[in-house]
Amino acid sequence: MVPLSWYLMFAAALFSIGLFGVLVRRNAVAILLGVELMLNAVNINLVAFWRYGDVTAMAGQVFAVIVFAVAAAEVAVGLALVISVYRRRNTVIADELDMLKW
Amino acid sequence: MSEWLYIALFIVVGLIIPIGAIGAGFIFGPKKPNPIKESTYECGIETVGDAWIQFKSQYYIFALVFLVFDVEAVFLFPWAVKLGQLGLYAVVEGIIFVTILVVGLVYTWRKGMLEWV
Amino acid sequence: MSFWNDPLKVAADWLEGVFTGWGMDAVLSHVLVAFLGVFLLIALLMVLDIFLVWIERKVVARFQDRIGPNRLGPFGLIQPFADIIKLIIKEDTTPSGADKVVYNLAPILSMMSVLILWAVVPLAPVVLGVDLNVGALFLIAAGAIGTLSIIMAGWSSNNKFAMIGGFRQVAVMVSFEIPMLTMLMIPTIYAGSMNMNAIIGAQDVWFFILSPLGALIFLIAAIAELGRAPFDLAEGESELVSGFNIEYSGMKFGMFYAGELLHAFTFGGFWAILFFGGYRFFGLEQVSPFLAILILIIKAMLGYWVIMWVKYTMMRIRIDQMLGFNWKFLTPLAFALLLVTALMNALLADAPTWLYALGMFLANVVTGWIALEIARSATRKEREQVEGIKTPVEAHH
Amino acid sequence: MTAQQIIFMIVAAYTLGSALMVVTTRNLVHAALWLVSTLFGVAVAYALLNANFIAVVQVVVYIGAIAILFIFAVMLTRKDMRDSGPQMNRNWWAGAIVAVLVFAGLAFLLSGWSGFQNTAAELPAEFDAISLLGEALTSPQAFVLPFEVASVLLLAALVGAVYVAFNPTKK
């Protein structure tokens, strides 16, 4: 049987890769791709804690389902923002969206 | 666990068979490529411009509404499974849940976003 | 336990005995036997697929008052094999500028997404691939991979028509997935499970009788999901010259084509399983699994025939009409039906079976009738907006 | 190593490899397709954890809807297929250091936790997770409020996204 630590390490690695994507990508859509990876890492943890704890307590799975809803909402609004910005500024490069700096 | 073994086998075999069929086509078919044959087909006339055309945002709206109702279905499936053993209050909860989301559909509709313009 | 009553287990036990007799590990031999079983099922499906080409051509010929293929072999039965050979010896071209990996992966994924659907199909009470407790959702999950394969094909071909066709097809598929998902919940509510075998087991009264409207909406959504007429505008030959698969040739095109036919047959099968009792037919399925498989195939063929019937008698509709039909009529109706079903299910929980069935049936009829009346008055209003109010002409004497 | 451990290793390596491709590929459509591959790997991980429902939902929601949305968004925000300019910003090495530090920190914190090496108990016979989930989501003692709030969240997302993306004031 696989110990819990393997899943936790797997999720931590996925989270770090997602974080890397968020930090270094220039395209706003690609940044959202990184956020998706991070949310998935969280979900792996939640489901792993459900499985390795008391399986009749469904809190882990309920949280995982709610994270799906949160991820869907985040993507929907995030990509809508990106499209809106693209229509106004004609770019999706995050560095060039610097209006708030002044 | 063993049920996922079967699913995995279905996926593997489901990949092997089309690969085998396409591979057979690759082995037995002739291979005489030339630029005309490989050019993009646009009803016979010369291809103009890139294939990367600007799409209208309506596609995004339909995918967006779909996403929201897809997630809604994820919540409703466990509800539907358990509904027989739960009382009327679970039905009322489901009705509230769906009604809230239908408000979103009506909003999108009223905004004229469901029209294919 | 004999071969006649439980063929799968007998054959599997025998084969496992043979493999372990050769000195093979018990787990490994189990996996190998499962692999061989899956391979056999999928190979049989591919053979069936070849005959579906013949069936489709024969049926469409009859609808159009023709004879159809009749030259090669008896009733033209050899014709599909000639087609296959032709597809194999065709040159396999890749358009210049195509994204090679994605372009080649798309037809494979398209076929795979159809084949894995058969993992959850119960062929007989004891002959089933996987007893998955999320069978109904698995249907949608496989469909998601199919949607992805279409977007991949459309994008990687480097062709405007392919891209537009692929995008349209995907927009249509995702839109009609909502009524389909909702209608999958109705057998789930009746059976109290998403397991396909449990859904069949609960159908002492066919779910078609409990929910005729649900069966109808599921069929419409399934036809749209398949991209068949009247919803085949993504393939509009006149404007998009066959849509997302325009650049595919030879066996790669064959995979899309065969995948579509098998998909149609599979959805005929799922329609039968979800609403027409699957392999059950007045206790005949208890006699032998072979009889049960025969019953399921006959029901699936009838469902497939209905899909073909719709395809060859209806005209293609425009994409705006189609998406409007889905979002403004089918989706609200599906939600209303779901809520009515849930409510009736709770109210009639203690009722005897005949009252339960009657109440459900009447609830469906009333919901459908109200929806049609609302749609009728809405279309009348729209027509009056376009054409102006028509006053009835007075008759002069 | 047992067979399950070997399977887990393969799945984890495949998923993490795909995830690295997501954050490093230049072509954005390829990045979205690699994301699909990653998400599929995560779904397999859920299946290994006996969470059938979550595994199938992962495919339905992420591959069926979110990935499609990403591909549509890429199509809507690009004018040509060529990738111009660098895809990463100048300080990518700083990002890499931060990511590695976060991973090291998480690993350090987790390894100090007493339950780190827990192993899972066998699932009870006749265990029906979906039924339990349905009960948990509708029971007033459990998660009925989050259940309804999720609906409000999705409504807000739909209305907000429609409003933001297609504000009629700008033509």
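Residue numbers (this note's numbering), protein chains in the order written: chain A, 1019 to 1120; chain B, 116 to 232; chain C, 5 to 401; chain D, 96 to 266. All residues carry an ideal CB built from backbone N, CA and C; glycine is no exception.
Membership of residue 250/C in any alpha helix (DSSP H) is not indicated, and neither H nor E is assigned to it by DSSP. The three-state reading of DSSP puts residue 82/C in coil, since its state is none of H, G, I, E or B.
Shown here for residue 149/D: same chain residues with a beta carbon closer than 8 angstroms to its own, the five before and five after excluded, namely 141 in chain order. For the C-beta of residue 1069/A, the chain D residues within less than 8 angstroms are, from N- to C-terminus, 144, 145, 146 and 215.
Among the residues facing chain A, residue 236/D is not included, as its CB has no counterpart in that chain under 8 angstroms away. Assigned with DSSP and collapsed to three states, residue 1111/A falls in strand. In this structure residue 378/C is exposed. Its beta-carbon is surrounded by fewer than 16 other beta-carbon atoms within 10 angstroms.
Residue 123/D and residue 1048/A have their alpha carbons spaced roughly 7 angstroms apart. When the Cα atoms are used, residue 203/B and residue 167/C turn out to be separated by approximately 48 angstroms. Distance between residue 1089/A and residue 230/B, taken at the CA atoms: about 27 angstroms. As a beta-bridge residue in DSSP terms, residue 1045/A pairs with 1111/A. By the neighbour-count definition (other C-beta atoms within 10 Å, threshold 16), residue 1082/A is a buried residue. Using a Cβ distance threshold of 8 angstroms, residue 222/C and residue 279/C count as a contacting pair. Of the residues assessed, residue 358/C falls on the exposed side of the cut-off, its CB having fewer than 16 other CB atoms within 10 angstroms. When 9 angstroms is used as the limit between beta carbons, residue 218/B is near no residue of chain A, the shortest such separation being about 15 angstroms.
Put simply, the CB of residue 1107/A is far from chain D, with every gap to its CB atoms at 8 angstroms or more. When the alpha-carbon of residue 102/C is set against those of 22/C, 251/C and 368/C, the nearest one is in 251/C. Counting along the chain, the unbroken alpha helix (DSSP H) around residue 186/B starts and ends at 173 to 197.
Taking a C-beta cut-off of 9 angstroms against chain B, the contacting residues of the region 95 to 120 of chain C are 95, 96, 97, 98, 99, 100, 101, 102, 108, 111, 112, 113, 114, 115, 116, 117, 118, 119 and 120, listed in chain order. DSSP, read as helix, strand or coil, puts residue 73/C in coil.
The region 171 to 187 of chain C and the region 157 to 170 of chain D touch, with three or more beta-carbon pairs separated by less than 8 angstroms. Where residue 40/C is concerned, the enclosing alpha helix (DSSP H) starts and stops at 30 to 67. By DSSP's assignment, residue 126/C forms a beta bridge with 132/C. Taking C-beta separations shorter than 6 angstroms and ignoring five residues to either side along the sequence, the partners of residue 54/C in its chain run 84, following chain order. Near chain B, meaning a CB-to-CB distance below 9 angstroms, the residues of the region 1086 to 1097 of chain A are 1086, 1087, 1089, 1090, 1091, 1093, 1094 and 1097. Here the region 83 to 100 of chain C does not lie against the region 296 to 305 of chain C, with fewer than 3 beta-carbon pairs under 8 angstroms apart. Listed by position along chain D, the residues whose Cβ is nearer than 7 angstroms to that of residue 194/B are 229, 232 and 233.
Sequence-distant Cβ neighbours of residue 158/D in its own chain, meaning closer than 7 angstroms and more than five residues away, are 131, 134 and 135. Counting along the chain, residue 145/D sits inside no alpha helix (DSSP H), nor does DSSP assign it H or E at all. Of the candidates 143/C, 36/C, 52/C and 131/C, the residue whose Cα lies closest to the Cα of residue 290/C is 131/C. In terms of CA proximity to residue 186/B, 249/D leads the group 249/D, 116/D and 225/D. Around the beta carbon of residue 165/C, 16 or more other beta carbons sit within 10 angstroms, so the residue counts as buried. Following the DSSP letters along the chain, one finds residue 121/D in no alpha helix (DSSP H), marked with neither H nor E. Of all residues in the region 188 to 218 of chain C, the ones placed with a Cβ closer than 9 angstroms to any Cβ belonging to chain D are 196, 197 and 198, in chain order.
Look at the beta carbons and you see the region 67 to 87 of chain C not touching the region 109 to 116 of chain C: under three pairs across the two are nearer than 8 angstroms. Burial state of residue 181/C is buried, judged by a 10 Å Cβ sphere holding 16 or more other Cβ atoms.
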